[in-house]
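Chains as they are written, first to last, in my numbering: chain A, 1 to 474; chain B, 1001 to 1501.
Below: one structure, written as structure tokens.
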Amino acid sequence: MSTLFILLFSLVNFFGSFHPLLVHLPIGILLLAALFEFLSQKEKYKFLASAVNLSLFIGMISAMASCLSGYLLSIEGDYDEGLIFNHQWSGILLAIISIFAWYLNRLGRQISWLTGLMVFLVILTGHFGGSITHGSDYLIKAISAAPEEVAQKRLVVPNVQQAFAYQDIIKPILTSKCYKCHGPDKQKGKLRLDIPDFILKGGKTGKTIIAGNTDESELIRRILLSKESHDHMPPLEQPQLTKTELDLIHWWVGSGADFDKKVADLVQTEKIKLVLASLQSGEKLEKDPVSDIPENEVEQADTKVVQELLARGVAVIPVAMNSNYLSVNFVALDTITDNDLKLLQSLSKQLKWLKIGDTNLDNDKLKYLLKLSSLSRLSIERTAVNDEGIAMLTSLPKLTYLNLVGTSVTAKGLMQLQSLKGLRQIFVYQTAISGKEFSQLNKIFPKAVIDTGGYKLKFLESDTVELKSARVKL
Amino acid sequence: MNKDAQEQRLIREAEHATLQMYTRRHFLKEGAMGFGALAFGSLLGSCGFGPSSASNTIFDASNPLAPKPPMFPGKAKSVIYLHMAGAPSQLEMFSYKPELAKLDGQECPQSLLEGKKFAFIRGVPKMLGPQANFRQHGKSGLWLSDNLPHLATVADEIAMLNAVTTDQFNHAPAQLLMHTGSPRLGRPSIGAWVTYGMGSENKNLPGFVVLTSGGNNPDAGKSVWGSGFLPSVYQGVQCRGEGDPVLFIKDPEGMDRDLRKASIEAINKINQKQFEEYQDPEILSRIAQYEMAYKMQISVPEVMNINDEPAYIHEMYGTEPGKTSFANNVLLARKLVEKGVRFVQLFDWGWDTHGTSASGSVDIGLVNKCRSVDKPITALILDLKQRGLLDETLVVWGAEFGRTPMQENREGKDLPFKGRDHHAGAFNMWMAGGGIKGGTSYGETDEIGYDIVNGKTEAFDIQATILNQLGFEHEKLTFESQGRPFRLTDVGGKVITQIVA
């Protein structure tokens, strides 16, 4: 019995889902019938009169099918009842009128007035239908809103700490991204997000937010879900939440989902402070500075060169699946040839990270690397490169990471790189640089962390002593 | 005998052997099964099944260990995962609970026992106060017990997870859950997933190496670093600290390197023919493994040799060459990572402190275990740091679960030593390096370390975070098996953004 019910239900679902397809048939065919009827009054198109009845018949059948499928869809869908009522009854009226029109036409009666009414009803029903799927302001939105508002509007809140968290920050986000389906017109999943009481009430699956508990809040779960997920909100075809908006909603729910307090009265982490500050200035948050991969892509590297290097046992790997930037590692090779380095040169635009330590690299071979102008990370640890070679590295303007562990570089040699303002990490463990020169180097590279290594662990007696049981075993 | 002749002879031998097999099994295997399969295949084919190209697009059967890019530029290039098999007591190491000391010796309230399952505790156990002193360390004020004096010096490198939880309270399933995402056998381990995703950066070394210490393998056995349904080339390669690093790595007496090469080439030719006939990618994996094994005969003894490390490094790590110890394994882990190995998995056995013996007690055995790992782990962090590798090497410390705030009362009786039962509800793990924000902590437990108050962290979350640091979205690293895509984190997993830099 229950399986039969489920089968029935899924059939209802199935036919219901054809409604958006079927509706276009009566619209087209009935309008065409009306057009034929109108034209056949004229002498020139008199022959069309014979087509009117057939097109009315097909239009009538499709109108009835649309009514049926539409009714099935309305049972299982979550739509605004008012809009459904209008659409449903104008649709049914249209179907009835089309039946009359067909019948009267068959009997040879004059039906011009009926087709006029039919056209009117087609337009009306279509509009009601459109309002359900696209929102009631759909038609006038494009003309009423100024162009810059149609494009994604950036939320700007002057004096953000004194603003009201819900009223000034959260509500505008919900308005632009959620109301269309969870607002006054439509309550998909029986959820309405435009009034605090409704937000707290939740929807079909229960509470949508649990104040202070982002892990258990359905709203947070849904908006954080990956886009492939069926449950992801907003639906893929709708405008998505930006990272900033996500952070803000997460923070608001996590801090207790208060509807009255000011921003300053809510708990703020360092991260959310930055996000809030960005609202004030209306500027985009600064891109994550940790990544040294530029956003703009480069052309793809020469596949032949890459293949040749791979065959040599050099690991040439794109930094990410959809990126043309490359990382190259010579870890499997002890000996590199001039040819290897010539090959590298032709990757100068793409090469970002290079590990070429523990090899026979020396000052002469290093010269090949100086054209690698995109390079941001370079490891040449335990090679014969010395101060003279280091001085040449000034021609790598994008360098952020430099590993010189186990080379013979001196403090003087390193200072030659003063012009490389982007350097953030320099590793000089096991070099000729002594601890005394450290403070001087720090002044020259104020933004870089210089690691001289040589860490030692305290000697503790206990490290080698084994505790024994003082007790007698029972 | 020259090489070609040798090869020809081996191929002839193989063909002969194949023919011999045919005489016995041909009819059954190729005949009956073949007809059956034919019929079934056409049945399936008409239903729209049939062989699918699957979504395992990143798997190139002819070169399964080729280096591959991550999904986005990851901060970590490799992982060193330190697993303390047996589950150390968080209450004597990381979880500072002064309230528990006040309850020491009192009977456990019934409310804590209702609806809970324990491995050994029966009836009403007594509470057991912390058996170690705690102090705050570093700028972050991280609470650590005096059992970890060295780790205290690098407190600000560490991101502490205070509220890790699991639903398994026995070693083997809990270890499997931690490493494969399922408490049952058959899923690939995280190291296998990572190698599947990234390949091996060094063509002479496997992408996933396993080192064990403490006298035993973990309870879950080798499945905990297995490849599950992934091609078997991605399983962890277990190396030994003593004797030959890999068993039978040396050529047998009388076989020189050229002959070895010739025989491997011949075997691979035969396998290639087999592949052309059956199109089973496992055969290509096998070919790749033979080639890798041949290269490893040279590269592995080299990288697994810690004799040449300078004295101060040995002093720093507390290593003694020639022994199997956790310290040696930690040093090896650094060497392997330096050589481009993606995932180094360490298991140290002997942390199961129930209180049944001195070595299994939280005030004696646990202290000794702590002493055996405290210095090497600290040395590892500092050594990676000075070599410029800490940024790109994610160090993960953890276990399969934690231990109860109650004294264990096996079979309802008092035990001779201070010990704690398995506790799945709440325990600690930590991460360092590899784009993790040092000096942070996440999660909170109640005042006796029994239940989680906030920041609940599950195995899936830890796995998702590890994959995230390497540049993978855990939801998208999938492999088609049994007709559907699988992923490490099953249907769970959330990157712990709170500890990501």
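Every residue, glycine too, gets a C-beta built ideally from N, C-alpha and C.
- Scanning the stretch 325 to 407 of chain A from its first residue to its last, the whole beta strand (DSSP E) runs of 3-plus residues come out as 326 to 329, 351 to 355, 377 to 379, 401 to 403.
- Assigned with DSSP and collapsed to three states, B/M1255 falls in coil, not helix or strand.
- B/L1394 has its alpha-carbon roughly 28 Å from the corresponding atom of A/R221.
- About 7 Å separates the beta carbon of B/T1212 from that of B/Q1238, a gap short enough to meet the 8 Å contact definition.
- Taking a beta-carbon distance threshold of 9 Å, A/S66 does not count as an interface residue toward chain B.
- With distances taken between CA atoms, A/L94 lies nearest to A/M118 out of A/L73, A/E81, A/M118, A/T269.
- If the five residues before and after B/S1299 are omitted, its C-beta is found closer than 6 Å to the C-beta atoms of N1204, L1205, all from its own chain and listed in chain order.
- Counting along the chain, the unbroken beta strand (DSSP E) around B/S1145 starts and ends at 1142 to 1145.
- Proximity to A/S226 across A/L246, A/S408, A/L457, A/A432 peaks at A/L246, based on C-alpha coordinates.
- Beyond the five residues adjoining it in sequence on each side, A/V314 comes within less than 8 Å, by CB distance, of V328, N329, F330, A332, L333, D340 in the same chain, given in chain order.
- Remark: C-beta atoms of A/W353 and A/L375 approach each other more closely than 9 Å.
- The stretch 1287 to 1295 of chain B and the stretch 1331 to 1341 of chain B do not touch, with fewer than three beta-carbon pairs separated by less than 8 Å.
- The distance from the Cβ of A/G59 to that of A/P26 is about 5 Å, consistent with a contact at the 8 Å cut-off.
- Restricting attention to B/A1076, B/E1013, B/N1063, the CA atom closest to the CA of A/A320 is found in B/A1076.
- Cα atoms of B/S1200 and A/S373: separation of roughly 27 Å, rounded to the nearest angstrom.
- In the DSSP annotation of this structure, the continuous segment of the alpha helix (DSSP H) that includes A/A101 starts and ends at 81 to 106.
- Against B/Q1136, chain A offers no close residue; the least beta-carbon distance is about 18 Å (beta-carbon pairs closer than 9 Å).
- Taken through DSSP and simplified to helix, strand or coil, B/C1239 comes out as strand.
- Per DSSP, reduced to three states, the secondary structure at B/W1349 is strand.
- By the Cβ criterion, the stretch 1224 to 1232 of chain B is not in contact with the stretch 1314 to 1326 of chain B, since fewer than three pairs of Cβ atoms, one from each stretch, lie closer than 8 Å.
- DSSP places A/Y455 in the coil class of the three-state scheme, outside both helix and strand.
- Within the same chain, and ignoring the five residues on either side of B/N1468 in sequence, the residues whose Cβ sits closer than 6 Å to its Cβ are V1495.
- Restricting attention to alpha helix (DSSP H) runs no shorter than 4 residues, the stretch 1139 to 1186 of chain B encloses them at 1171 to 1180, ordered along the chain.
- Of the residues assessed, A/S50 falls on the exposed side of the cut-off, its CB having fewer than 16 other CB atoms within 10 angstroms.
- Closest in C-alpha terms to A/Y179, from the list A/I199, A/A163, A/D168, comes A/I199.
- Interface annotation for the stretch 1204 to 1221 of chain B against chain A: N1204, criterion Cβ-Cβ distance under 7 Å.
- Where B/N1428 is concerned, the enclosing beta strand (DSSP E) starts and stops at 1427 to 1432.
- For A/T125, the enclosing alpha helix (DSSP H) begins and ends at 112 to 134.
- Here the alpha carbons of A/F18 and A/I99 stand approximately 22 Å from one another.
- Taking 9 Å as the threshold, the shortest C-beta distance from B/H1150 to chain A falls below it.
- If you look at B/T1393, you'll find it in the beta strand (DSSP E) that goes 1393 to 1398.
- Taking CB atoms only, A/N360 has no neighbour in chain B less than 9 Å away.
- Unbroken beta strand (DSSP E) stretches of 3 residues or longer found wholly inside the stretch 162 to 214 of chain A: none.
- By the Cβ criterion, the stretch 1146 to 1158 of chain B is in contact with the stretch 1370 to 1382 of chain B, since at least three pairs of Cβ atoms, one from each stretch, lie closer than 8 Å.
- Here the alpha carbon of A/V52 sits roughly 5 Å from the alpha carbon of A/A33.
- Selection A/N296, A/G91, A/I111, A/A101 evaluated against A/T125 yields A/G91 as nearest (Cα-Cα).
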